[in-house]
């Protein structure tokens, strides 16, 4: 049960070999997942996704529930690439529980998907300290730490973007998981960010965004303004990408239909 993904192939080599997998951030199918976790994961695998990223409710699972999920993942031939976690899960007893569940699931990354109490630059440096301290405790077990941005991290505050503080003050092993849509909505350039942080953009949330107030994040993959071909090229040629994640907050279709359509759009744009 303890084997992790074979992550040696990545970046340019992985791209050339056509081995960079695409998974689904399970928040995209949150209603279905809450009603039928195992059935929803099976449906996602049958669409052709190669892995997934569980979000915060996974933290409430017992070890037995996590083992049941891991067995299903193994039976389906897919992986838990990473999990999304509240900042509270990165210290104390909560870190220990998250560690246990992630090791059972076979995740490689524990990603901080939100953070609390960040009053200016010093607050963001404390977030970086928390990430580094968690990395100290997890990396010996084969688990790595990451941070997922929202609009806030790319919005200039006190003369600096918080994401720059995090990048500067975290160790290189801490992944900077790029959420493309929220980066664009904040007025930043995701392509420039990838190029500015070689080797650290090891996963990317492939979520599109439209400036149309009636659409925003309800557009399917490829219907928004992101330049996906350029982003894929940069991610695979210096960015350090190990896996992609489709994420969708909601669309004009059902959750599962949306996930299926977005995967088709991803494949059309990526060429794989």
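Numbering (the working numbering), first residue to last: 31 to 302. From the three backbone atoms N, C-alpha and C, an ideal C-beta is built for every residue, glycine too.
{"Asked": "Boundaries of the beta strand (DSSP E) in which residue 58 is found, first to last residue", "Found": "First-last for residue 58: undefined, no H or E at that position."}
{"Asked": "Where the beta strand (DSSP E) containing residue 71 begins and where it ends", "Found": "Where residue 71 is concerned, there is no enclosing beta strand (DSSP E), although the alpha helix (DSSP H) it sits in stretches over 67-77."}
{"Asked": "Residues near residue 257 in its chain [Cβ-Cβ closer than 8 Å; skip 5 each side]", "Found": "221"}
{"Asked": "Own chain, CB closer than 7 Å to residue 151, minus 5 neighbours either side, in chain order", "Found": "188, 190 and 195"}
{"Asked": "Distance between beta carbons of residue 58 and residue 278, contact taken as under 8 Å", "Found": "4 Å"}
{"Asked": "Close Cβ partners of residue 280 (< 8 Å) along its chain, the five nearest in sequence each way excluded", "Found": "247, 248 and 288"}
{"Asked": "CB contact flag (residue 76, residue 53, <8 Å)", "Found": "no"}
{"Asked": "Alpha-carbon to alpha-carbon, residue 296 and residue 44", "Found": "Below a pLDDT of 50, predicted positions are generally treated as unreliable, and residue 44, at 44, falls in that range; the measurement from the model is reported next regardless. Approximately 17 Å between the Cα atoms of the pair."}
{"Asked": "Where the alpha helix (DSSP H) containing residue 260 begins and where it ends", "Found": "258-264"}
{"Asked": "Per-residue DSSP class, three states only, for residue 238", "Found": "coil"}
{"Asked": "Integer-rounded CB distance, given that residue 236 should sit under 8 Å from residue 273", "Found": "11 Å between Cβ atoms; not a contact."}
{"Asked": "Endpoints, the beta strand (DSSP E) within which residue 113 is located", "Found": "109-115"}
{"Asked": "Secondary structure of residue 194, DSSP reduced to three states", "Found": "helix"}
{"Asked": "Whole runs of the alpha helix (DSSP H) within the segment 126-186, excluding any shorter than 4 residues", "Found": "151-168"}
{"Asked": "Residue range of the unbroken alpha helix (DSSP H) whose run includes residue 293", "Found": "285-300"}
{"Asked": "Supposed contact pair residue 114 and residue 86 - C-beta distance, whole angstroms, cut 8 Å", "Found": "6 Å"}
{"Asked": "Sequence-distant residues of the same chain with beta carbon closer than 7 Å to residue 118, five excluded per side", "Found": "124"}
{"Asked": "Length of the line joining the Cα atoms of residue 55 and residue 100", "Found": "16 Å"}
{"Asked": "Nearest-angstrom Cβ-Cβ length linking residue 129 and residue 165, presumed shorter than 8 Å", "Found": "About 12 Å separates the two Cβ atoms, so there is no contact after all."}
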